[in-house]
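J.: First the structure, which I've put down as structure tokens, then a few questions once you've had a look.
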Amino acid sequence: MTGFGKATLQLPTKKISVELKSLNSKGLDLNTRMPSVYREMELGLRNQLSQRLERGKIDFSLYIDVTGEETSSKINIPIVKGYINQMKAVIPNADETELMKMAVRMPDALKTEREEIDEKEWESIQKVIDQALENIVSFRKDEGKALEKEFIQRIANIKKLMLEAVAYDSERIETVKTRLRTALDELQMNVDENRFEQELIFYLEKYDITEEKVRLENHLNYFVETLAGTEANGRKLGFITQEMGREINTMGSKSNHSEMQKLVVMMKDELEKIKEQVLNVL
């Protein structure tokens with residue numbers, strides 16, 4: 001969701017600049033800065049930004065730099081004349097130029113006339129806003145392509161680590177059988193072999209990771225499928241990573257094998273890196 005877009009336009013007497021910045025956020029957090037004369041357009045502008053940007057902490061800034069002789073501040077002539085006449089009454093021989101300098105510094109000597117929105121000017125501003133939006137969306141798409149490559153690589157890494165962990169499964173089961181048999185032999189007890197086999201099967205079922213392996217593989221494939229979709233899928237990808245985490249954690253708790261546990265830790269590390277970057281997906 002991070003991005004930046006900027007666009008400018010030079011009019012005969014004004015330079016219009018629009019800047020858009022976007023950071024990660026669970027929803028849409030929109031902050032706008034613009035001259036007060038355009039505030040009545042803010043609601044429509046917010047709708048426009050929300051439709052194009054959807055999510056993120058968005059900072060919108062509209063700058064108007066006057067480059068011509070146009071100004072909204074005017075000298076309040078009656079007030080200034082009144083001040084000068086009053087000062088003449090106090091100082092009859094005072095220099096008129098000095099009186100003028102003093103008068104324009106007095107309260108209300110300048111008045112600011114409220115500007116009205118020029119429709120043609122707003123159309124020009126709207127074009128600049130559209131261009132800034134195109135730029136930030138393009139920025140996001142470029143970042144998204146880079147993230148997609150990273151996601152696919154890390155998903156492949158988790159699959160590879162999972163298969164390496166499963167390869168230890170038969171060795172792990174034999175180790176458990178041997179350890180149990182040795183423990184019984186040390187106790188020098190006569191054991192019903194059929195009952196022993198039944199208990200052993202029941203015990204080993206608790207360590208079976210076949211279901212976790214199948215579910216994790218399905219989640220990994222679903223993540224890649226969702227990633228290839230055209231709609232905004234950041235939240236869905238986040239939910240899928242949560243499910244992936246559950247399966248990996250369960251595999252770790254069932255592993256009871258040092259090499260498998262190392263591989264589980266590596267899978268968790270890859271998954272955490274995916275989770276960090278999923279926050280940057282719409």
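In case it helps, the UniProt record's numbering puts the sequence shown at residues 1 to 282.
Ideal Cβ placement from N, Cα and C applies to all residues, glycine included.
The structure displayed is predicted, hence computed values, not measured ones.
If residue 76 sits next to residue 108, beta carbons under 8 Å apart, how far is it from one beta carbon to the other, in whole angstroms?
T.: Locating residue 76 in the sequence shown gives position 76, counting from the first residue. Locating residue 108 in the sequence shown gives position 108, counting from the first residue. Contact flag correct, Cβ pair sits at about 6 Å.
J.: Mind checking residue 16: buried by the 16 CB within 10 Å criterion, or exposed?
T.: Here residue 16 is taken as the residue at index 16 of the sequence shown, counted from 1. When all chains shown are included, residue 16 counts as buried.
J.: Taking the alpha carbon of residue 222 as the reference point, which residue from 232, 244 and 231 has its own alpha carbon closest?
T.: Along the sequence shown, read from residue 1 onward, the residue named residue 222 stands at position 222. For the residues 232, 244 and 231, the minimum Cα distance to residue 222 belongs to 244.
J.: Please look up how many angstroms separate the CB atoms of residue 33 and residue 60, rounded, as I've assumed it's under 8 Å.
T.: Position 33 of the sequence shown, counted from the start, is the residue given in the question as residue 33. Position 60 of the sequence shown, counted from the start, is the residue given in the question as residue 60. About 7 Å; that satisfies the 8 Å criterion.
J.: State the beta-bridge partners of residue 86 as determined by DSSP.
T.: Taking the sequence shown and counting its residues from 1, the one referred to as residue 86 is at position 86. Paired residue(s): none; residue 86 is not in a bridge.
J.: Quick check on this structure: which residue in 10, 21 and 273 has the alpha carbon closest to the alpha carbon of residue 3?
T.: Indexing the sequence shown from 1 puts residue 3 at position 3. With distances taken between Cα atoms, residue 3 lies closest to 21.
J.: Based on DSSP bridge pairs, tell me the residues matched to residue 238.
T.: Locating residue 238 in the sequence shown gives position 238, where the first residue counts as 1. Residue 238 pairs with nothing; no bridge assigned.
J.: Pull up the distance between the alpha-carbon of residue 207 and that of residue 158, whole angstroms please.
T.: Position 207 of the sequence shown, counted from the start, is the residue given in the question as residue 207. Position 158 of the sequence shown, counted from the start, is the residue given in the question as residue 158. Residue 207 and residue 158: Cα-Cα distance of roughly 21 Å.
J.: Quick check on the DSSP output: the alpha helix (DSSP H) that includes residue 269 runs from which residue to which?
T.: Looking up residue 269 in the sequence shown gives position 269. Start and end: 258–278.
J.: Indicate whether the contact test is met: 3 or more Cβ pairs, each with one atom in the stretch 145–157 and one in the stretch 268–278, closer than 8 Å.
T.: yes
J.: Hey, how far is the Cα of residue 49 from the Cα of residue 30?
T.: For this step, residue 49 is matched to residue 49 along the sequence shown. For this step, residue 30 is matched to residue 30 along the sequence shown. When rounded, the distance between both Cα atoms is 8 Å.
J.: Please go through the same chain and pick out, in chain order, the residues whose beta-carbon is closer than 8 Å to the beta-carbon of residue 171, but skip the five residues on each side of it.
T.: Sequence index remark: in the sequence shown, residue 171 carries index 171 (1-based). These residues qualify, in order along the chain: 257.
J.: Please work out which residues of its chain come closer than 7 Å, Cβ to Cβ, to residue 248, disregarding the five sequence neighbours upstream and downstream, and give them in chain order.
T.: Walking along the sequence shown from the start, residue 248 turns up at place 248. Excluding positions up to five away in sequence, the list reads 216, 264, 267, 268 and 271.
J.: So, for residue 250: in the same chain, excluding its five sequence neighbours on each side, which residues have a beta-carbon less than 6 Å away from its beta-carbon?
T.: Position 250 of the sequence shown holds residue 250. Here the set comprises 212.
J.: So for residue 254, helix, strand or coil by DSSP?
T.: Position 254 of the sequence shown, counting from 1, holds the residue named residue 254. Of the three classes helix, strand and coil, the one that applies to residue 254 here is helix, per DSSP.
J.: Of all Cβ atoms in chain B, is any one closer than 7 Å to the Cβ of residue 161?
T.: Absence of chain B from the displayed structure is noted, only one protein chain being present.
J.: Among 46, 19 and 67, which residue has its Cα nearest to the Cα of residue 12?
T.: Mapped onto the sequence shown, residue 12 falls at position 12. When only C-alpha atoms are compared, the closest one is 67.
J.: Secondary structure at residue 44, three-state DSSP: helix, strand or coil?
T.: Residue mapping note: residue 44 aligns to position 44 of the sequence shown, counting from 1. Of the three classes helix, strand and coil, the one that applies to residue 44 here is helix, per DSSP.
J.: Contact check, residue 155 vs residue 224 under 8 Å by CB: the rounded distance?
T.: Here residue 155 corresponds to residue number 155 of the sequence shown, with the count starting at 1. Here residue 224 corresponds to residue number 224 of the sequence shown, with the count starting at 1. So it is a contact: roughly 6 Å between Cβ atoms.
J.: Return the CA-CA distance between residue 239 and residue 179, expressed in angstroms with no decimal places.
T.: For the purposes of this step, residue 239 is identified with residue 239 of the sequence shown, where counting begins at 1. For the purposes of this step, residue 179 is identified with residue 179 of the sequence shown, where counting begins at 1. For residue 239 and residue 179, the distance between alpha carbons rounds to 40 Å.
J.: Ignore the nearest five residues each way along the sequence and tell me which others in residue 62's own chain have a CB closer than 6 Å to its CB.
T.: As a working mapping, residue 62 is identified with position 62 in the sequence shown. Result list for residue 62: 18 and 34, in chain order.
J.: Whole-angstrom Cβ separation of residue 28 and residue 58, contact assumed at under 8 Å?
T.: In the sequence shown, residue 28 corresponds to position 28, counting from 1. In the sequence shown, residue 58 corresponds to position 58, counting from 1. Going by Cβ atoms, the distance from residue 28 to residue 58 rounds to 7 Å, so yes, they are a contact pair.
J.: Among 103, 119, 65 and 24, which one has its Cα closest to the Cα of residue 54?
T.: As a first step, residue 54 is located in the sequence shown; it is residue number 54 there, counting from the start. It is 24 whose Cα lies nearest to the Cα of residue 54.
J.: Quick check: the Cα distance between residue 91 and residue 36, rounded to an integer number of angstroms?
T.: Counting from 1 along the sequence shown, the entry for residue 91 is found at position 91. Counting from 1 along the sequence shown, the entry for residue 36 is found at position 36. Residue 91 and residue 36: Cα-Cα distance of roughly 42 Å.
J.: Out of 9, 246 and 261, which one is the CA nearest neighbour of residue 127?
T.: By 1-based counting over the sequence shown, the position of residue 127 is 127. The candidate whose alpha carbon is nearest that of residue 127 is 9.
J.: Take residue 80 and list the residues in its own chain whose beta-carbon comes closer than 7 Å to its own, dropping the five residues that flank it on each side.
T.: Position 80 of the sequence shown, counted from the start, is the residue given in the question as residue 80. 103, 104 and 109, listed in sequence order.
J.: I'd like to check one pair, residue 7 with residue 86: are the Cβ atoms closer than 7 Å?
T.: Indexing the sequence shown from 1 puts residue 86 at position 86. Indexing the sequence shown from 1 puts residue 7 at position 7. Result no, Cβ atoms of residue 86 and residue 7 do not sit closer than 7 Å.
J.: What is the rounded straight-line gap between the Cα of residue 41 and the Cα of residue 56?
T.: As a working mapping, residue 41 is identified with position 41 in the sequence shown. As a working mapping, residue 56 is identified with position 56 in the sequence shown. Straight-line Cα distance between these residues: approximately 22 Å.
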